[in-house]
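Asks: Order-wise, the sequence lines are chains A and B.
The first sequence begins at 1 in our numbering and counts up one residue at a time.
The second sequence begins at 314 in our numbering and counts up one residue at a time.
Where a beta carbon is used, it is the ideal one built from N, C-alpha and C, also for glycine.
Here the structure is a predicted model, which means the values were calculated and not measured.
Protein chains: 2
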Amino acid sequence: MQKQQDLYPTRIDDQPRIVDRVDPVVYSDPVTRGPLDYAQLDDFEHKGFLHVPEFFSGDTVATLQDALHHTRQAEAGSGRAEVVEEPDSGEVRSVFAVHRDYPVFGELCRDQRLLRAVFQLLGSDAYIHQSRINFKPGFRGKEFYWHSDFETWHAEDGMPRMRAVSCLIPMTPNNQYNGALMLIPGSHRHYISCVGETPQNHYKQSLKQQRTGVPDDDSLRWLVDKYGIEAPATGPGSVLFFDCNVMHGSNSNISPFPRSNVFMVFNSVYNTLQAPFSADSPRPEFLATRQPRPLGADKTAPTPAASRRSHAI
Amino acid sequence: MQKQQDLYPTRIDDQPRIVDRVDPVVYSDPVTRGPLDYAQLDDFEHKGFLHVPEFFSGDTVATLQDALHHTRQAEAGSGRAEVVEEPDSGEVRSVFAVHRDYPVFGELCRDQRLLRAVFQLLGSDAYIHQSRINFKPGFRGKEFYWHSDFETWHAEDGMPRMRAVSCLIPMTPNNQYNGALMLIPGSHRHYISCVGETPQNHYKQSLKQQRTGVPDDDSLRWLVDKYGIEAPATGPGSVLFFDCNVMHGSNSNISPFPRSNVFMVFNSVYNTLQAPFSADSPRPEFLATRQPRPLGADKTAPTPAASRRSHAI
Chain A
1 MQKQQDLYPT
11 RIDDQPRIVD
21 RVDPVVYSDP
31 VTRGPLDYAQ
41 LDDFEHKGFL
51 HVPEFFSGDT
61 VATLQDALHH
71 TRQAEAGSGR
81 AEVVEEPDSG
91 EVRSVFAVHR
101 DYPVFGELCR
111 DQRLLRAVFQ
121 LLGSDAYIHQ
131 SRINFKPGFR
141 GKEFYWHSDF
151 ETWHAEDGMP
161 RMRAVSCLIP
171 MTPNNQYNGA
181 LMLIPGSHRH
191 YISCVGETPQ
201 NHYKQSLKQQ
211 RTGVPDDDSL
221 RWLVDKYGIE
231 APATGPGSVL
241 FFDCNVMHGS
251 NSNISPFPRS
261 NVFMVFNSVY
271 NTLQAPFSAD
281 SPRPEFLATR
291 QPRPLGADKT
301 APTPAASRRS
311 HAI
Chain B
314 MQKQQDLYPT
324 RIDDQPRIVD
334 RVDPVVYSDP
344 VTRGPLDYAQ
354 LDDFEHKGFL
364 HVPEFFSGDT
374 VATLQDALHH
384 TRQAEAGSGR
394 AEVVEEPDSG
404 EVRSVFAVHR
414 DYPVFGELCR
424 DQRLLRAVFQ
434 LLGSDAYIHQ
444 SRINFKPGFR
454 GKEFYWHSDF
464 ETWHAEDGMP
474 RMRAVSCLIP
484 MTPNNQYNGA
494 LMLIPGSHRH
504 YISCVGETPQ
514 NHYKQSLKQQ
524 RTGVPDDDSL
534 RWLVDKYGIE
544 APATGPGSVL
554 FFDCNVMHGS
564 NSNISPFPRS
574 NVFMVFNSVY
584 NTLQAPFSAD
594 SPRPEFLATR
604 QPRPLGADKT
614 APTPAASRRS
624 HAI
C-alpha cells in the first residue's frame with residue numbers, strides 16, 4: 001500500500017503537539033441542494049458538529065429500535081470479534097459492522113436524505129468507513145474518554161485526510177444523566193498529535209479502553225479553555241453529524257437509562273485508506289473498510305471538484 | 314454498646330426490599346426561625362434535598378478554597394487512613410475528618426447560619442457525624458455509584474434513625490460536564506434494604522468502590538420511574554442540603570474541571586450511634602463520630618420536643 005505525505009503525524013514524537021488542520025471542513029459548495037440549509041452548514045463549519053432534530057420519521061425509528069434490540073440479543077455472548085463487551089460487567093458495549101451484517105442498518109446507510117446531507121458535507125460520493133452501535137448500558141456503562149476519531153483512523157487505518165463525517169443516530173434519549181456525548185466545539189480545526197507507539201493488535205484492547213492515541217491533559221485543557229464543552233441533548237429521530245476530527249468523549253452512565261446510539265461513518269471516495277501512518281499493520285475490515293463500495297449520492301446534486309476548498313464563511 | 318430495634322434492616326436478607334421510612338424528614342416546627350423559609354422546608358420535605366444559592370459570602374468561599382488547595386497538597390501521598398485515592402490514577406479522591414484536622418473546616422461546621430438551618434431540619438442540636446472533601450479530579454475522576462448514606466451509616470456505624478443531614482458545600486462549579494451529584498427526589502421516603510453481608514474492614518475497600526450496601530437495579534429503576542432524577546447545577550457560595558436517606562450518586566468526570574465539594578454531615582444529638590446494625594465492629598472515628606460534641610445551635614431558636622413528628626405539608 002502506498003503512503004501519502006503525512007500531514008497529521010501522531011504517535012511518533014515523544015512530546016504531544018497541536019497541529020493546524022489543513023483540510024476543509026465543509027467540502028461542497030454552499031448552494032449544493034440537500035437537507036441542510038446554509039445556517040446548518042455554517043454551524044458545522046464552525047463547531048465541527050450539527051444536531052438536526054426530527055431527521056427520521058417515527059416509523060423509521062421504530063424499525064431501527066427493533067433491529068437494535070434484536071442485535072443486542074443476538075450478539076450477547078456471541079464471542080464475535082465485532083462485539084466489544086463492557087470492561088467490568090461483560091454486557092455488550094459495541095457491535096461493529098452492523099451495516100454489513102444487519103439489513104436494517106444496511107438500508108440506513110443508504111437512506112437518500114442522509115446521503116444527500118453527507119454529500120453536502122463531504123462534497124463527493126461516500127462509502128461507509130465504519131459502522132457501529134454503542135450501547136452504554138444503564139447502571140454500569142463506562143465512559144468513552146476524549147478522542148479524535150481521525151487520530152485513530154489516520155494512525156491505525158491509514159485515512160489520509162480529514163474528509164469523513166460521523167452520523168450519530170440516537171436510539172434512546174441522550175441527556176445529562178446517562179452520559180451524553182460531549183464535544184469541544186471548534187476543536188476540529190486543531191489536530192492533537194499524541195505520544196506513544198501503537199502496540200500490535202492495539203484494537204483488541206483499545207476498543208474497551210484506549211491507552212494509545214489519547215490526547216494529553218494540557219492539550220485538552222487548552223482546547224476546553226478556548227472553546228468550552230457542549231453536550232447536546234438528543235434522542236430518537238435526530239441525527240448528530242460530527243466531523244472526523246472533533247474532540248469528543250462521554251462520561252459514565254449510572255442512570256437506569258441505557259444510552260444507545262447507532263454510528264455511521266461516511267468517508268469520501270477521494271479519501272480511501274492507505275497504509276497506516278503509525279501502525280505496523282491495518283486493522284480488520286470490520287473496523288475500517290478497505291474495499292469501499294460507494295453509496296451513490298443523489299445524482300441531481302451538482303458534483304463539485306474533488307479538491308475543492310471549503311467555502312468561506 | 315446497646316442496640317435499638319432495627320427499623321431499617323439491611324444486608325441480612327438474601328432478597329432486596331423496599332421499606333417505608335418511619336421517621337420524619339423535617340423535624341422542627343415550621344415556624345422555627347432560621348435561614349430557611351417555609352417554601353424551602355417544604356421543598357426539602359418533598360424532595361429530600363434543597364439547593365440554596367448564595368449561602369456563603371465570597372470571602373468565606375475564598376478562605377475555604379485556599380484551605381481546600383492546601384489540604385490537597387498536604388494529603389497527596391500522605392498515606393493517612395483519612396485519605397482515599399482514585400482507584401486508577403492514585404490522585405486524592407477524598408479526605409475525611411477535615412473538621413477535626415483543619416481549623417478552617419472546623420470553623421465551617423460551627424458557622425451559625427449553617428447550624429441554624431440544620432436546626433430547622435433536625436429539630437435539635439447536632440454534631441458532626443462525618444466530614445469530608447470529595448475532589449473528583451478532572452480527566453480521570455471516577456463515578457460514585459448510587460447509594461443512600463444512611464444505609465451505610467445504619468449498617469456499619471449503628472446510626473439508629475433517619476435524623477441526619479448532609480451539607481454539600483461546592484468549591485468548584487458542579488455541572489453536567491464534570492459529574493454533578495444526581496439525586497432521586499422523593500427517594501428519601503423509601504429505604505432500600507440491600508443484600509450481602511458486610512465484610513470485615515469493609516470501609517478500606519468501600520471508600521474506593523462500594524460493593525456491599527449497593528442498591529439493586531430493580532429498586533433503583535422503581536425509584537427513578539416513580540420520581541425521576543435531578544442534578545442541580547451548583548457552585549461556590551451555595552449549599553446543597555440533602556437528607557441522609559436520599560438516593561444519590563454521580564457519573565465520572567472526564568472534563569478538565571475538577572469537581573470539588575466539602576461535605577459536613579450533621580446528626581441530631583438524639584440520634585447518636587449504637588452498635589452497628591449489620592457489621593461486626595464499628596468503623597473508625599474519622600468516618601463516624603462516636604464521641605459527639607454538640608455544636609450548640611443558636612439559643613434564640615425555640616427547642617421543639619425531641620421526638621416531635623414532622624409537620625404536615
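(1) Any residues in the region 244 to 263 of chain A with a beta carbon nearer than 9 Å to a beta carbon of chain B? Which ones, in chain order?
(2) Got a sec, what are the start and stop residues for the alpha helix (DSSP H) His412/B sits in?
(3) Can the beta-carbon of His99/A be found closer than 8 Å to that of Phe277/A?
(4) Determine the contact status of Thr234/A and His51/A, defining contact as a CB-CB distance below 8 Å.
(5) Listing by chain order, which chain B residues have their CB less than 8 Å from the CB of Met182/A?
(6) Interface residues of chain A around Asp462/B at Cβ under 9 Å?
(7) For Leu220/A, which residues in chain B fall below 8 Å Cβ to Cβ?
(8) Thinking C-beta only, is Pro337/B closer than 8 Å to Ile505/B?
(9) Mapping DSSP to helix, strand and coil, what is Tyr145/A?
(10) Which residue from Arg110/A, Thr60/A, Val239/A, Met162/A puts its Cα closest to that of Tyr346/A?
(11) Out of Ala394/B, Ile482/B, Ile497/B, which one is the CA nearest neighbour of Leu533/B?
(12) Can you give me the Cβ contacts of Tyr490/B inside the same chain, cut-off strictly under 6 Å, excluding the 5 residues immediately before and after it?
(13) Alpha carbons only, please: which of Cys244/A, Gln274/A, Pro282/A, Arg283/A is nearest the one belonging to Glu45/A?
(14) Take Phe241/A as the anchor and find which of Val265/A, Gly228/A, Thr212/A, Val224/A has the nearest alpha-carbon.
(15) Any idea what DSSP makes of Ser573/B, helix, strand or coil?
(16) Is Tyr516/B helix, strand or coil when you go by DSSP?
(17) Given this structure, state the Cα-to-Cα distance separating Phe55/A from Val61/A, to the nearest angstrom.
(18) Round the Cβ separation of Arg453/B and Ser407/B to the nearest angstrom and send it over; I've been treating them as touching at under 8 Å.
(19) When you compare only the Cα positions, how much space is there between Pro302/A and Leu7/A?
(20) Along the chain, where does the alpha helix (DSSP H) that runs through Arg429/B open and close?
(21) Helix, strand or coil: how does DSSP classify Leu183/A here?
(22) Over what stretch of residues does the beta strand (DSSP E) that includes Asp243/A continue unbroken?
(23) Leaving out five residues on either side along the sequence, give the residues of the same chain with a beta carbon under 7 Å from the beta carbon of Gly470/B.
(24) Residue range of the alpha helix (DSSP H) that Gly58/A falls in?
(25) For the alpha helix (DSSP H) that Arg534/B lies in, which residues bound it at each end?
(26) Which residues in chain B sit within 7 Å of Val92/A, going by Cβ to Cβ distance?
(27) Under the three-state reduction of DSSP, which class applies to Pro450/B: helix, strand or coil?
(28) Check the Cβ-Cβ distances between Glu399/B and every residue of chain A, and say whether any is below 8 Å.
(29) Kindly identify the DSSP beta-bridge partner or partners of Tyr127/A.
(30) Restricting to Cα atoms, I'd like to know which of Arg423/B, Glu543/B, Glu399/B is closest to Asn487/B.
(31) Along chain B, in chain order, which residues have C-beta atoms closer than 7 Å to that of Ile229/A?
(32) Three or more C-beta pairs under 8 Å: does that hold for the region 501 to 519 of chain B against the region 438 to 454 of chain B?
(33) Hey, Arg423/B and Leu608/B: beta-carbon distance below 8 Å or not?
(34) Using beta-carbon positions only, say whether Phe318/A and Gly34/A come within less than 8 Å of one another.
(35) Cβ closer than 7 Å: which chain A residues qualify as neighbours of Val527/B?
(36) Between His561/B, Asp462/B, Gln513/B, Tyr351/B, which has its C-alpha nearest Gln443/B's C-alpha?
Replies: Judging by the given coordinates:
(1) Gly249, Ser250, Asn251, Ser252, Asn253, Ile254, Ser255, Pro256, Phe257
(2) 411 to 414
(3) no
(4) yes
(5) Tyr490, Ile567, Ser568
(6) In chain order: nothing, as chain A lies at least about 16 Å away.
(7) Phe452, Pro569
(8) no
(9) strand
(10) Residue coverage of chain A in this structure runs from 1 to 313, which leaves residue 346/A outside it and unanswerable.
(11) Ile497/B
(12) Ser568
(13) Cys244/A
(14) Val265/A
(15) coil
(16) helix
(17) 10 Å
(18) Arg453/B to Ser407/B, Cβ: 15 Å. No contact.
(19) Here Pro302/A scores only 45 on pLDDT, less than 50, and its place in the model is too uncertain to base an answer on.
(20) 425 to 435
(21) strand
(22) 239 to 243
(23) For the sequence presented, residue 470/B should be read as Asp rather than Gly. Once the five neighbours on either side are set aside, the close Cβ partners of Asp470/B are Leu586, Pro589, Pro595, Arg596, Ala601.
(24) 58 to 75
(25) 530 to 540
(26) Correct list: empty, because the minimum Cβ distance to chain B is about 16 Å.
(27) coil
(28) no
(29) Asn267/A
(30) Glu543/B
(31) Tyr490, Ser568
(32) no
(33) yes
(34) Not covered by the structure: residue 318/A. The range shown for chain A is 1 to 313.
(35) Within 7 Å Cβ-Cβ: nothing; Val527/B doesn't reach chain A, min ~10 Å.
(36) Asp462/B
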